[in-house]
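Working notes, structure below.
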Amino acid sequence: MKNSEKKDIRALTKEQLRDFFVSEGEKAFRGNQVYEWLWQKSAHTFEDMTNLSKELRQKLDDNFAINHINIDKQQRSKDGTIKNAVKLHDDFVVESVMIPVQSRTTACVSSQVGCSLDCKFCATAKLKRLRNLNPDEIYDQVVAIDKQSRIYNNRPLSNIVFMGMGEPLMNYNNVLKSIEKITSPEGLHMSPRRITVSTSGVPKMIKKLADDQVKFNLAVSLHSARNEVRTQIMPFNARFPLEDLRESLEYWYEKTNKRVTYEYIVWKGINDTQQDIDALIDFCNAIPCKVNIIEYNPIDEDQFVQGSDTAIASYMTQLENAGITATLRHSRGKDIDAACGQLANKSSLD
Ligand code: SF4
Numbered sequence: 043m044k045n046s047e048k049k050d051i052r053a054l055t056k057e058q059l060r061d062f063f064v065s066e067g068e069k070a071f072r073g074n075q076v077y078e079w080l081w082q083k084s085a086h087t088f089e090d091m092t093n094l095s096k097e098l099r100q101k102l103d104d105n106f107a108i109n110h111i112n113i114d115k116q117q118r119s120k121d122g123t124i125k126n127a128v129k130l131h132d133d134f135v136v137e138s139v140m141i142p143v144q145s146r147t148t149a150c151v152s153s154q155v156g157c158s159l160d161c162k163f164c165a166t167a168k169l170k171r172l173r174n175l176n177p178d179e180i181y182d183q184v185v186a187i188d189k190q191s192r193i194y195n196n197r198p199l200s201n202i203v204f205m206g207m208g209e210p211l212m213n214y215n216n217v218l219k220s221i222e223k224i225t226s227p228e229g230l231h232m233s234p235r236r237i238t239v240s241t242s243g244v245p246k247m248i249k250k251l252a253d254d255q256v257k258f259n260l261a262v263s264l265h266s267a268r269n270e271v272r273t274q275i276m277p278f279n280a281r282f283p284l285e286d287l288r289e290s291l292e293y294w295y296e297k298t299n300k301r302v303t304y305e306y307i308v309w310k311g312i313n314d315t316q317q318d319i320d321a322l323i324d325f326c327n328a329i330p331c332k333v334n335i336i337e338y339n340p341i342d343e344d345q346f347v348q349g350s351d352t353a354i355a356s357y358m359t360q361l362e363n364a365g366i367t368a369t370l371r372h373s374r375g376k377d378i379d380a381a382c383g384q385l386a387n388k389s390s391l392d
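Under the numbering used here, the letters of the sequence shown match residues 43 to 392, in that order.
Laid out in structure tokens, this is it:
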């Protein structure tokens, strides 16, 4: 059987692996051993599973494939940020980024090949959505960045943001399954409090997160609290207007008691007026929140230009005066197109 025709072994639960061995006349605990190799030890081949006999390894190889990701290309920025071109088993490429800041290392991971949405300021939006990533493909990005952090920063990975390519809530089940593995003692055993899922704001799915009582953090790429402006820059806002988003966030807070982070870029002539600031403050009053004002990184042929220092300062001061925590975020890895909104497979198109 060709590798592409074999079943991905990491789509199996531990129980299913145990059942496989029993059906082959073997002891069930072999399933536990294989599960440990796959998730805790991140084995890339069956050959690596040295506590299994040669025959058993062959049996696994005859039946299954390990669709591991491969880091095709790694670019290191002057500030220590690393952008990875991640090749999937079917040759699609996504990107992930390791961001070292002081004592922390954050992994920014992708959840889809391309994106289902069409934000005008985002490089990924130029690629239509080709497919969702599987839980193991998301997990592998995290494991790879954890290794890079140990090599380059002498410390393990500390935080994860789902802010790479794709809209994570449009790949809901796989994203949640990957987080289950990342937080499980049989995986990386990371605290969910160190994980942030960043969405462009799909109200129905935000409510689902609340119903599912997730323990990780939620961030929303807001960029405008006025429908007429937001629809221009994030056209799906016409389908999911701010009123619905606000209602879903109220629901989130009621169910989880967790505040939300709003990601916000200020652009010249788009959202830099007093009316925009007033609308944001009003939106922020819905539930406890904080605002990250993010530096903008122009993408090619761009009509978007970052707002003036005065406009940004005006946002910061007025948010603070209104009792809303606001942080100014400088982008990292700009020289390698690894900054927010710049992930668009350039490494694979070179
Ligand atoms: S900003 Fe996020 S949701 Fe919008 S197009 Fe880019 S990747 Fe997709």
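We put the beta carbon where it would ideally sit given N, CA and C, even for glycine.
Small disclaimer: the values here were computed from a predicted structure and weren't measured.
Could you pull the start and end residues of the beta strand (DSSP E) that T359 belongs to? Here the question's residue 359 lines up with position 317 in the sequence shown. Not the beta strand (DSSP E): T359 falls in the alpha helix (DSSP H), residues 351-363.
Would you say the beta carbon of D160 is closer than 7 Å to some non-hydrogen atom of the ligand SF4? By one-based count along the sequence shown, residue 160 stands at place 118. Answer for D160: yes, Cβ within range of the ligand SF4.
Cα-Cα, which of D254, N213, V203 is closest to S233? What you label residue 233 is simply residue 191 of the sequence shown in a count that begins at 1. Cα-wise, what sits closest to S233 is V203.
So, for N201: in the same chain, excluding its five sequence neighbours on each side, which residues have a beta-carbon less than 8 Å away from its beta-carbon? One-based indexing of the sequence shown puts residue 201 at position 159. The beta carbon of N201 sits closer than 8 Å to the beta carbons of R146, T147, T148, A149, R236, I237, T238 from its chain, once the five residues preceding and following it are set aside; these are given in chain order.
Taking K49 as the reference, which of F106, L98, N174, K168 has the closest Cα? In the sequence shown, residue 49 corresponds to position 7, counting from 1. For the residues F106, L98, N174, K168, the minimum Cα distance to K49 belongs to F106.
Ignoring anything shorter than 3 residues or poking outside the region 130-212, list the beta strand (DSSP E) runs there in chain order. 135-143, 146-150, 201-204
Can you tell me whether DSSP reads L54 as helix, strand or coil? Within the sequence shown, residue 54 is the residue found at index 12, counting from 1. Coil, per DSSP.
Determine the contact status of L211 and T241, defining contact as a CB-CB distance below 8 Å. In the sequence shown, residue 211 corresponds to position 169, counting from 1. In the sequence shown, residue 241 corresponds to position 199, counting from 1. Yes, they are a contact pair.
For L264, the three-state DSSP class (helix, strand or coil): Stepping through the sequence shown from its first residue, residue 264 is reached at position 222. If DSSP states are grouped into helix, strand and coil, L264 belongs with coil.
Round the Cβ separation of V217 and V262 to the nearest angstrom and send it over; I've been treating them as touching at under 8 Å. As a first step, residue 217 is located in the sequence shown; it is residue number 175 there, counting from the start. As a first step, residue 262 is located in the sequence shown; it is residue number 220 there, counting from the start. No, V217 and V262 are not in contact; Cβ-Cβ is about 15 Å, not under 8 Å.
With a 10 Å radius around its C-beta and 16 neighbouring C-beta atoms as the bar for buried, classify H265 as buried or exposed. As a first step, residue 265 must be located in the sequence shown, where it is residue number 223. For H265, the number of other beta carbons within 10 angstroms of its own is at least 16, and it is reported as buried.
Cβ-Cβ distance between G73 and K56 below 8 Å: As a position in the sequence shown, residue 73 is number 31, starting the count at 1. As a position in the sequence shown, residue 56 is number 14, starting the count at 1. Cβ atoms of G73 and K56: closer than 8 Å.
Go ahead and pull the three-state DSSP assignment for Y288. Translated into positions along the sequence shown, residue 288 becomes position 246. A small fix is needed here, since residue 288 is Arg in this sequence, not Tyr. Looking at R288 - three-state DSSP - the assignment turns out to be helix.
Using only the heavy atoms of the ligand SF4, determine whether one of them is closer than 7 Å to the beta carbon of G208. For this step, residue 208 is matched to residue 166 along the sequence shown. Yes.
Can you determine whether any heavy atom of the ligand SF4 sits closer than 7 Å to the C-beta of C19, and answer yes or no? One cannot answer for residue 19 here, as it falls past the ends of the chain, which runs 43 to 392.
Apply the 10 Å Cβ neighbour rule to L391 and answer buried if 16 or more other Cβ atoms are within range, or exposed otherwise. Numbered from its first residue, the sequence shown carries residue 391 at position 349. Any reading at L391 needs caution, since the residue's pLDDT is 29, under 50, leaving its predicted position unreliable; the model's value is listed next. L391 should be labelled exposed.
May I ask you to check if the CB of C157 is nearer than 7 Å to at least one heavy atom of the ligand GTP? With respect to the ligand GTP, the structure shown offers nothing to examine, as its ligands consist of the ligand SF4.
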